[in-house]
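So the sequence shown is residues -21 to -1, 1 to 511, counted in mature numbering (1 follows the signal peptide of the UniProt record, and there is no 0).
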Amino acid sequence: MPTILPFFLFNILILVPMSVSDSNTLLQCLSLYSQPSHPISELIYFPNNPSYSLILNSYIRNLRFNTSTTPKPFFILTPSHVSHIQASILCCKKFNLEIRIRSGGHDYDGLSYVSDSSFVVLDMFLLRSVVVDLRDETLWVESGATVGEVYYRIAEKSKVHGFPAGVCPTVGVGGHFSGGGYGNMMRRFGLSVDNILDAEIVDVNGRLLDRESMGEDLFWAIRGGGGASFGVIVSWKIKLVSVPEIVTVFRVEKTLEQGGGDVVHRWQYVADKMHDGLFIRVVISPAKRKGKKTVKAKFNALFLGNAGELLDVMSEGFPELGLVGEQCIEMSWIDSVLFWYNYPVGTSTDVLLERHSSQEKFLKRKSDYVQKPISEIDLDGIWKKMMELGKVSLTFNPYGGKMSEISEVETPFPHRAGNIYKIQYSVSWKEEGNDVVNQYLDRIRKLYDYMTPYVSKSPRSSYLNYRDVDLGVNGDGDVGYEEASIWGKKYFKRNFDRLVEVKTAIDPNNFFRYEQSIPSLAVASETSIMAE
């Protein structure tokens, strides 16, 4: 067995290919623990493999983590069979390597494919089968599938079924579901995790477990607690939901000069209380009108019904928007998925099978929850701050409906009743260079700081799938409960404690770890005793 270099030498090691003997020894281990009927050797990419960079870069969605100085994995494994996952876990334990699990690469802060420790990437994109069963209205999907592939396969079989998940079709199912999974039908049906019936996971001992064999505690934890803290989730069984044959969408833009600020203010009072089949998202961004700085509010909507019904709902509950029939577009639910991702009306649904549908950018995202409407005066201050900073956008996503009916302890995702809407802070850019990165990070952080008086408190909550290392990280070595709770309570509130208990039971030695993984009390206690 080769000697594994200390972690502090990793930054040197990433610049030099692993030796042939190291590669051979790891390959022997992986081959030993995988099934001979499913050869693993052709699915392993060491740095000296010509396809290594292509595979690594293909699912890096944030260019901040695709530079010459970004730490690179010892090897990449693209499993096509569950035995490949089992082998990777057993061999990485043996060689003291961390595993980063990547299903779609949309982790906003790159934690699914970057580490400062010795690590490998388990890239799940070959495991993406989707099997629809309309007899019991369920679907089994492997973690490497995208949300778009799920939608496409449902629509292949039925015009009256759908699933409540994200609006970005290239997001991988594995991370999306395990972090909660919200979308524009959540006011009617809840989150993705509220509609999961079963799952398969490979644990730290290499066992393949389903809901029955893993137990209800672990099944609870992976539905919103982040699966990568507990094992490698192979597949999910989800419950399909009923959608009408015809849905209605609209997109209306208003600048401040057109009364957009007043409409946003009113939106806060009605968006979470209206018909639960109506989801109106507001995207607010700096703009220019006639050469002057302003702010533009774009109202994007999905209504689970026809245009006539929608106009009645809007005239009664939100007449301030001034919606008229000409702005409403009736279409099938699957076509509304394309509309929401800004594809032109009439685009073929085949684009949902494209796993790289847009050019990648440098980006940063953050999140907040609003529990009391922000006053008009305070909104005016926010608009001025946005015009001052430039570039940074805010997206308001309404809650209410089904989201308020589900207990905050039903799943690890705790942001239920009491939240009017969620905010996503967003900044993207194309220019390269560390100075540019720091400038844009500074902008989004300044707007986040400015919003402090208007958002949730004790804790100031955040959404796990809008991964944000600004909230805190575990740091080097095995982290304790207190350090992890700094960020953990923001994502999970009181559910963090139960997640720690599940982690301690399922992975006591903290093999599955990363910058914001759930800590194990067993390791924390051992570390504390050693320190004393």
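Don't be surprised by glycine CBs; every beta carbon is placed ideally from N, CA and C.
Just curious, the beta strand (DSSP E) that residue i is in, first and last residue?
{"i": "N279", "result": "K271 to F282"}
{"i": "E261", "result": "Here residue 261 is Val; the residue named in the question, Glu, does not match the sequence. L257 to R268 is the span of the beta strand (DSSP E), which, as asked, contains V261."}
{"i": "N376", "result": "S372 to P377"}
{"i": "D414", "result": "First-last for D414: N413 to Y429, but that is the alpha helix (DSSP H), not the beta strand (DSSP E)."}
Are residue i and residue j closer than 7 Å when you measure CB to CB?
{"i": "V172", "j": "R132", "result": "no"}
{"i": "K216", "j": "L170", "result": "no"}
{"i": "Y400", "j": "V349", "result": "yes"}
{"i": "S441", "j": "Y470", "result": "yes"}
{"i": "R81", "j": "D102", "result": "yes"}
{"i": "K340", "j": "S407", "result": "yes"}
{"i": "L289", "j": "G256", "result": "no"}
{"i": "G158", "j": "N444", "result": "yes"}
{"i": "N184", "j": "F258", "result": "no"}
{"i": "S327", "j": "V228", "result": "no"}
{"i": "D357", "j": "I402", "result": "no"}
{"i": "N41", "j": "L373", "result": "no"}
{"i": "R422", "j": "L368", "result": "yes"}
{"i": "R79", "j": "Y92", "result": "yes"}
{"i": "Y378", "j": "D251", "result": "yes"}
{"i": "Q127", "j": "L317", "result": "As written in the sequence, residue 127 is Gly, which differs from the Gln given in the question. Not a contact, by the Cβ cut-off of 7 Å."}
{"i": "L478", "j": "P391", "result": "yes"}
Residues in its own chain within less than 8 Å of residue i by CB, not counting five upstream and five downstream?
{"i": "E236", "result": "R268 and T273"}
{"i": "M366", "result": "P265, K272, T273 and V274"}
{"i": "F168", "result": "P143, N174, V220 and K381"}
{"i": "I64", "result": "P58, L101, V181, V211 and V213"}
{"i": "I(-18)", "result": "Low confidence applies here, because I(-18) scores a pLDDT of 30, under 50, leaving its location unreliable and the question unanswered by this model."}
Per DSSP, residue i is paired with what?
{"i": "V99", "result": "I78"}
{"i": "E232", "result": "K277"}
{"i": "A178", "result": "W215"}
{"i": "Q403", "result": "S346 and T374"}
{"i": "L118", "result": "V111 and I217"}
{"i": "T227", "result": "F282 and E309"}
{"i": "L187", "result": "V181"}
{"i": "T125", "result": "G151"}
{"i": "V141", "result": "Just to set this straight, residue 141 is Gly in the shown sequence, not Val. DSSP, once it has assigned bridges, lists V220 as partnering G141."}
Looking at the secondary structure, which residues open and close the alpha helix (DSSP H) in which residue i lies?
{"i": "K340", "result": "Premise fails: K340 is in no alpha helix (DSSP H) and is neither H nor E."}
{"i": "residue 522", "result": "For residue 522 there is no data in the structure shown, the boundaries of the chain being -21 and 511."}
{"i": "E191", "result": "R190 to M193"}
{"i": "T483", "result": "N474 to I485"}
{"i": "Q247", "result": "G239 to V249"}
{"i": "M165", "result": "M165 to F168"}
Specify the secondary structure class of residue i as computed by DSSP and reduced to three states.
{"i": "L56", "result": "strand"}
{"i": "A207", "result": "helix"}
{"i": "E309", "result": "strand"}
{"i": "S346", "result": "strand"}
{"i": "G151", "result": "strand"}
{"i": "Y460", "result": "helix"}
{"i": "G287", "result": "helix"}
{"i": "Y24", "result": "strand"}
{"i": "L5", "result": "helix"}
{"i": "N36", "result": "helix"}
Counting only the same chain and skipping the five closest in sequence on each side, list residues whose C-beta sits under 6 Å from that of residue i.
{"i": "F198", "result": "R190"}
{"i": "I465", "result": "G451"}
{"i": "L9", "result": "I19, A66 and C70"}
Quick one: residues in its chain with C-beta nearer than 7 Å to the C-beta of residue i, no 5 flanking neighbours on either side, listed in chain order?
{"i": "F104", "result": "Y38, T57 and G123"}
{"i": "I313", "result": "Y130, A134 and T328"}
{"i": "T483", "result": "S499, L500 and A501"}
Let me check you understand the geometry: is the CB of residue i closer than 6 Å to at least one non-hydrogen atom of the ligand GDP?
{"i": "A134", "result": "Looking at this structure, you won't find the ligand GDP or any other ligand, since it has none at all."}
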